[in-house]
Amino acid sequence: ILAKTGTSTVPGSAVTGNIGVSPAAATYITGFSLIADSTNVFSTSTQVVGRVYAADYEVPTPANLTSAIGDMEAAFSDAASRPADYTELAGGNIGGLTLEPGVYKWGTGVLVPADVTLQGSATDVWIFEIAQDLTMANGTRVSLAGGARPENIFWQVAGFVSVGTTAHLEGVVLVQTAATVATGASVSG
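Okay, so the sequence shown: first residue is 232 according to this note's numbering, each after it adds one.
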C-alpha cells in the first residue's frame, strides 16, 4: 500500500506486503499500532507481514518514498495513456463477464455486482482505465483463469475504489482519490 496522504485500518485486518506514506508522516498511518524499529527507518505491526514506512522516518526512507511516489504517479499516467482495445464495455457493469487481456477504457465508473473472470496466460496484461469510480459489491470476486497473474493487472481509477464486504479484487490498484476495503475483503496485487 503506497499513499500520499495516509492509510488507516481497524483491528483484525491483515496486510501482506509493505505500507508507505509520503509526503505524509507516520501519524497519518492509523489503526496499525506501529512499533518503531530501533533504526527508525521503518516500523512493524502485528497486522502487517512486511514493513511500514513514512516520510518522517530516518534516511534513506524519505528519498526512497519520494522515488516510489514518483514511480506510482508515472504508472498511473502511463496506464491512463494507453490506447483502448475495448471502450465502454457493458456500460461499465462488468459483473458476470469473462475478460480477455487488453486495455479497457470507461468514461464512467465501473460496477462489479457479480463475479468477473480474467482469462489469459501468465504473461498477458490487463489495464482498466476508469474515469470515475470502481465499485465491487459485497461478496463478489475478480478471479483469474488460465495462468493469469495479479501483478499483470492494473486498475487505473481516477475516482475512488470500494471493495465490498468479503469481496476479492485481483490486480495492482492505482487510485487517485481513495480506496476502501471493507470487512473481510481482500486484494491480491
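Every residue gets a Cβ at the ideal spot worked out from N, C-alpha and C, and that includes glycine.
Since the model is a prediction, treat every value here as computed from it, not as a measurement.
Between residue 391 and residue 405, the beta carbon gap of about 12 angstroms keeps them out of contact (Cβ cut-off 8 angstroms).
Out of 363, 308, 366 and 353, the CA that lies nearest to the CA of residue 382 is found in 353. Counting along the chain, residue 292 sits inside the alpha helix (DSSP H) bounded by residues 292-312.
Contact between residue 321 and residue 387 does not hold, since their C-beta atoms are separated by about 18 angstroms, which reaches or exceeds 8 angstroms.
Ranked by Cα distance from residue 250, the first of 241, 242, 275 and 268 is 275. For residue 411, the enclosing beta strand (DSSP E) begins and ends at 409-412. Under the rule that a run must span 4 or more residues, no alpha helix (DSSP H) segment is found entirely inside the region 352-393. For residue 232, there is no enclosing beta strand (DSSP E), as DSSP marks it with neither H nor E. In summary, residue 371 is buried, with 16 or more beta-carbon neighbours lying within 10 Å of its beta-carbon over all protein chains present. If you look at residue 401, you'll find it in the beta strand (DSSP E) that goes 399-401. Collapsing the DSSP output to three states places residue 320 in a helix. By the C-beta density criterion, residue 253 is buried, having at least 16 other C-beta atoms within 10 angstroms.
In this structure, the beta-carbon distance from residue 317 to residue 333 falls below 8 angstroms. In the three-state DSSP reduction, residue 259 falls in the helix class (H, G or I). According to the DSSP secondary-structure assignment, residue 333 is paired through a beta bridge with 357. Per DSSP, the beta-bridge partners of residue 276 are 279. Contact between residue 412 and residue 418 is confirmed by a C-beta separation of about 6 angstroms, below the 8 angstroms threshold.
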